[in-house]
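Presented below is the structure to which this report refers.
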Ligand code: SF4
Ligand code: SF4
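In the numbering used here, the protein residues as written are 1 to 476.
As structure tokens, this is what we get:
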């Protein structure tokens, strides 16, 4: 192994500048100089990490295809019904009135993603991102099954349109389209609910044209992405991938090539002492689904799929060298042989995340099952009644966020008086309700033209909420 003495940031930069060709950064690997698509045909990966990822993806796929069928009290565990503005997370129903909780939840999620990325780079992309799982673990496997491994695929591509090519293309398009259609159905199931989807299917496309159109659009988008667009979704479209440049630092753990150990590259037959462990076999490049050479350093295109780790480990085994020339490691871990450190940046993110999690927890625990708003009825002031009494008319808007019908009573909290309901406050489950009521006070109770009144909302004697309204009286 060469003696690559590197001990500070400047010498790392100089070393990398001298040792590694950086011209690849001038272009995106999947686009040619002429601006055409460089179609990546990676070799089928194999190895320990690929097997682990496969097991993980089976679990993920089972979850994806079974969750819409799992119900709690007749409702799905997750629902993202943007059309009816109804959202269910872990069986808890959220309404637009819970927007604040939703915003804090989203903020917490973003901080979590940042913290996770600063520490572990794009591990999510390789192991849990739906795009990678469906592309690499479902569609790519079907492609290997139909078309064969990379060399056979290249041969097929170069072939004239003979029977073999036509048959294989038809089978592949049929398989990809059917699977895209299936995924689109489940995707829609997460939006409108799987039962609702089934009802729409039974009613037919002419009754439920909107659902049918959504299904066609989703199917075509999935088919386009998995049949043709592929890794470009991660490289060009995904905003998370684009964030890497600002989130990663020298301590982030990534799939990385150990250039200290590997450089300078040389053939195994080259017996000179100054060669590194990389035998320049290109096995890591051949399996890469985004078509990059990880030996060039951290790149935006790398989705941390670990295929190159498995490929290189196999080569290291063959040449009797230690595995891990490509491995999960940080830049400092490789250059300075440092262990992962808990940097001030990580500490700060952890603090912010902890505070947000506590705040979110408090919001969720104290979240009311009924949301209510009281407003004085527009265009009305006050009514003078007999016995020196005055009344005001109010509108009340209620949202029942629970799965049961509820009957609500209204009571004045801060003074004696009467509440006369114009309608009965029976609020059906999971719905909005609006009604009107009068508040009647004695004239002597009013000390100013405007008086604050507090109205308690009760269900079975239990106070759910207290609202404040203004009671108008004659000028004093
Ligand atoms: S460089 Fe390695 S980890 Fe990154 S995308 Fe390519 S094969 Fe996957
Ligand atoms: S697989 Fe390993 S040995 Fe072969 S080129 Fe890549 S880094 Fe070098």
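We put the CB at the ideal spot given by N, CA and C, even for glycine.
Bear in mind the structure is a predicted one, so any value in this text is a computation, not a measurement.
Paired residues, beta bridge with residue i - DSSP
| i | result |
| --- | --- |
| residue 256 | 327 |
| residue 459 | 462 |
| residue 383 | 391 |
| residue 71 | 76 |
| residue 362 | Bridge partners of residue 362: none, in fact. |
| residue 418 | 440 |
| residue 37 | 31 |
| residue 406 | 427 |
| residue 454 | 468 |
| residue 81 | 86 |
Counted within 10 angstroms of its Cβ, other Cβ atoms place residue i as buried (16 or more) or exposed
| i | result |
| --- | --- |
| residue 184 | buried |
| residue 335 | buried |
| residue 327 | buried |
| residue 203 | exposed |
| residue 394 | buried |
| residue 42 | buried |
| residue 276 | buried |
| residue 127 | buried |
| residue 425 | buried |
| residue 218 | buried |
| residue 473 | buried |
| residue 463 | exposed |
| residue 207 | exposed |
| residue 387 | exposed |
| residue 1 | With a pLDDT of 42 at residue 1, under the threshold of 50, the predicted position of this residue should be treated as unreliable, though the coordinate-derived value follows. Exposed, by the Cβ-count rule. |
| residue 449 | exposed |
| residue 331 | buried |
| residue 153 | buried |
| residue 321 | buried |
| residue 180 | buried |
Neighbourhood of residue i by C-beta distance below 8 angstroms, restricted to the same chain and skipping five residues each side
| i | result |
| --- | --- |
| residue 74 | 403 |
| residue 115 | 346, 349, 350 and 353 |
| residue 279 | 265, 266, 267, 268, 315 and 319 |
| residue 385 | 391 and 440 |
| residue 100 | 363 |
Residue range of the unbroken alpha helix (DSSP H) whose run includes residue i
| i | result |
| --- | --- |
| residue 245 | 239 to 247 |
| residue 213 | 209 to 224 |
| residue 434 | Not the alpha helix (DSSP H): residue 434 falls in the beta strand (DSSP E), residues 431 to 442. |
| residue 144 | 140 to 147 |
| residue 123 | 123 to 127 |
| residue 88 | From DSSP, residue 88 is part of no alpha helix (DSSP H) but of the beta strand (DSSP E) over 86 to 89. |
| residue 131 | 130 to 134 |
| residue 311 | 307 to 318 |
7 angstroms Cβ cutoff met for residue i and residue j
| i | j | result |
| --- | --- | --- |
| residue 131 | residue 233 | yes |
| residue 191 | residue 81 | yes |
| residue 79 | residue 88 | yes |
| residue 201 | residue 171 | no |
| residue 461 | residue 413 | no |
| residue 368 | residue 465 | yes |
| residue 247 | residue 117 | yes |
| residue 188 | residue 197 | yes |
| residue 299 | residue 309 | no |
| residue 396 | residue 366 | no |
| residue 223 | residue 174 | no |
| residue 301 | residue 29 | yes |
| residue 95 | residue 401 | yes |
| residue 163 | residue 251 | no |
| residue 420 | residue 438 | yes |
| residue 415 | residue 383 | no |
| residue 468 | residue 442 | no |
Cutoff 6 angstroms; reference residue i; Cβ partners in own chain excluding five residues on either side
| i | result |
| --- | --- |
| residue 243 | none |
| residue 418 | 440 |
| residue 283 | 311 and 315 |
| residue 483 | The requested residue 483 is not part of the displayed model; the chain covers only 1 to 476. |
| residue 211 | 200 |
| residue 405 | 428 and 429 |
| residue 295 | 257 |
| residue 373 | 397 |
Bounding residues of the beta strand (DSSP E) (the contiguous stretch that carries residue i)
| i | result |
| --- | --- |
| residue 410 | 409 to 412 |
| residue 53 | Segment 48 to 66 is the alpha helix (DSSP H) holding residue 53; no beta strand (DSSP E) there. |
| residue 151 | Residue 151 -> not in any beta strand (DSSP E); alpha helix (DSSP H) instead, spanning 150 to 158. |
| residue 391 | 389 to 400 |
| residue 202 | From DSSP, residue 202 is part of no beta strand (DSSP E) but of the alpha helix (DSSP H) over 194 to 203. |
| residue 375 | 370 to 376 |
| residue 93 | 92 to 94 |
7 angstroms CB neighbourhood of residue i in its chain, flanking five on each side removed
| i | result |
| --- | --- |
| residue 48 | 310 |
| residue 225 | 233 |
| residue 111 | 349, 352, 353 and 356 |
| residue 514 | Look at the range of the chain in this structure, 1 to 476, and you will see that residue 514 is not part of it. |
Residue-chain proximity (residue i, chain D), Cβ-Cβ < 7 angstroms
| i | result |
| --- | --- |
| residue 296 | The question asks about chain D, but that chain is absent: this structure has only one protein chain. |
Proximity test, residue i beta-carbon vs ligand 4 heavy atom, cut-off 6 angstroms
| i | result |
| --- | --- |
| residue 282 | Looking for ligand 4 in the displayed structure turns up nothing; the ligands present are ligand 1 and ligand 2. |
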